[in-house]
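Working notes, structure below.
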Amino acid sequence: MSNINGLPNLAPKHKSSASGTQCIQDKHKMPDKNAEMQEKQREVDRRRRDQLIEEVRIQEDFSKLLQGACVKVTFSASTADDKPPVFHLPITLISAQSTFFNTTCSNPASDPLPITLPPTITPPTFALFLRFLYQGSYPLSTDIISARCGNPIPPSAAAWLAGHVLGSPAFMNHAIYQLFSGIGHYYPIGPEFVDWVCAHTPTPSPLRALVLDLLSTHWSLTTPVITKSPDLVEKWHAVLEKHPEFRKEFLFGLQGGKKIAPMHMYFMGTKGSWGGEKRDAQKEGTEKEEGEGEAKKPRIEVVE
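This is the structure we're talking about:
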């Protein structure tokens, strides 16, 4: 458009009210987005700060556990060494995860306080307990290496028993975690392992239940969970005949289609596991079946 002099009209064009409103809205949106990003960053910073504070607190608490009187731990279990190891450990640390040590060391009469462990706890197994105390865990490779060396009993099974004797539910749960992670993946269950579990664990117990559930779940399947071959048929029958209570539970498990439970159901102190609803319900179901008559004994056939 031109003016009256024929020159182009250089006056600025006015935007519509709609576009002006949009610009105002955009200007209002930008601060909101920036504020949201800033709040997210502040939340990240708060979490990092809280994490650092927690790490410092844990270090300070752990350092306190290393102070004070000591206990001198020896072993009554026979060892191949002429001089079995002797451990000098802080009483505060070792009592934190063990009711056995907490009770025994409640009133130390000397420093170091001498304590001899029961024969069920060997130096290698106790070393796993110490590694758990100091580092929070021991590696899964412990069981894998042992299996490759031809040992039919995983060290974690002995660790679970040691945790039971020492009164350390956390250590028992860690041993169950290691067994749950290793069986069928890195090593199988064999008749020697079942015989050891029946001979050394109380009835009922999480470890015993784990082995029972694994056998009931995988007995008729071709899986690497159970060692099954023609030359082991007699060994399996001998073990099941040697432990009639275990055999009865195993047969009821086969008939009832018992399956392996989630790992936490074999932990100590977990609702729904030991003392909880799940196991009590299973026990009631078994008692009901037993009341109806003797369980039919299916033919136990070991497949290759």
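Residues in the sequence shown are numbered consecutively from 1, following the UniProt record's numbering. Beta carbons: idealized from backbone N, C-alpha and C, even for Gly.
Boundaries of the alpha helix (DSSP H) around Phe100: Thr99 to Thr104. In the DSSP assignment, the residues bridged to Pro90 are Cys70.
Contact annotation, Thr227 with Ile183: C-beta distance approximately 11 Å; criterion of less than 8 Å not satisfied. Each residue's CA atom was taken as its position, placing Phe126 and Ala157 some 13 Å apart. Put simply, the backbone Cα of Arg47 is about 11 Å away from that of Lys40. With 16 or more neighbouring CB atoms inside 10 Å of its own CB, Cys70 falls in the buried class. Non-local beta-carbon contacts of Thr217 in its own chain, meaning distances under 6 Å to residues more than five positions away in sequence, involve Lys259 and Ile260 in chain order. Counted as a single uninterrupted DSSP element, the alpha helix (DSSP H) harbouring Leu210 occupies residues Pro206 to His218.
Per DSSP, reduced to three states, the secondary structure at Phe250 is helical.
Going by DSSP, Pro155 is part of the alpha helix (DSSP H) stretching over Pro155 to Leu166. Along the length of the segment 116-195, whole alpha helix (DSSP H) runs at least 4 residues long occupy 123-135, 141-148, 155-166 and 169-182, reported in chain order. For Asp213, same chain residues with a beta-carbon under 8 Å away, outside a window of 5 residues either side, are Gly253, Lys258, Lys259, Ile260 and Ala261 in chain order. Where Ala109 is concerned, there is no enclosing alpha helix (DSSP H), because DSSP gives it neither an H nor an E. In the DSSP assignment, Ile226 is bridged to Ile189.
One alpha carbon belongs to His185, the other to Gly256, and they sit about 26 Å apart. Distance from the CA atom of His174 to the CA atom of Met263, rounded to whole angstroms, is 11 Å. In this structure, the CA atom of Phe171 is about 7 Å from the CA atom of Phe129. In summary, Thr116 is exposed, with fewer than 16 beta-carbon neighbours lying within 10 Å of its beta-carbon over all protein chains present. Rounded to whole angstroms, Pro85 and Pro112 show a C-alpha spacing of 16 Å.
Judged by DSSP in its simplified three-state form, Pro85 adopts coil rather than helix or strand. With contacts defined by Cβ atoms closer than 8 Å, Ser95 and Phe87 do not form a contacting pair.
From the listed residues His200, Ser205 and Pro154, the smallest Cα separation to Pro169 is found for Ser205. With respect to Pro114, Lys72 sits close: the two C-beta atoms are nearer than 8 Å.
Cβ contact annotation for Val239 (same chain, cutoff 6 Å, sequence separation greater than five): Pro191, Val194 and Asp195, in chain order. In the structure shown, Pro262 falls within a coil segment according to DSSP collapsed to helix, strand and coil. If you draw a 10 Å sphere on the C-beta of Val211, you find 16 or more other C-beta atoms in it, and that means buried.
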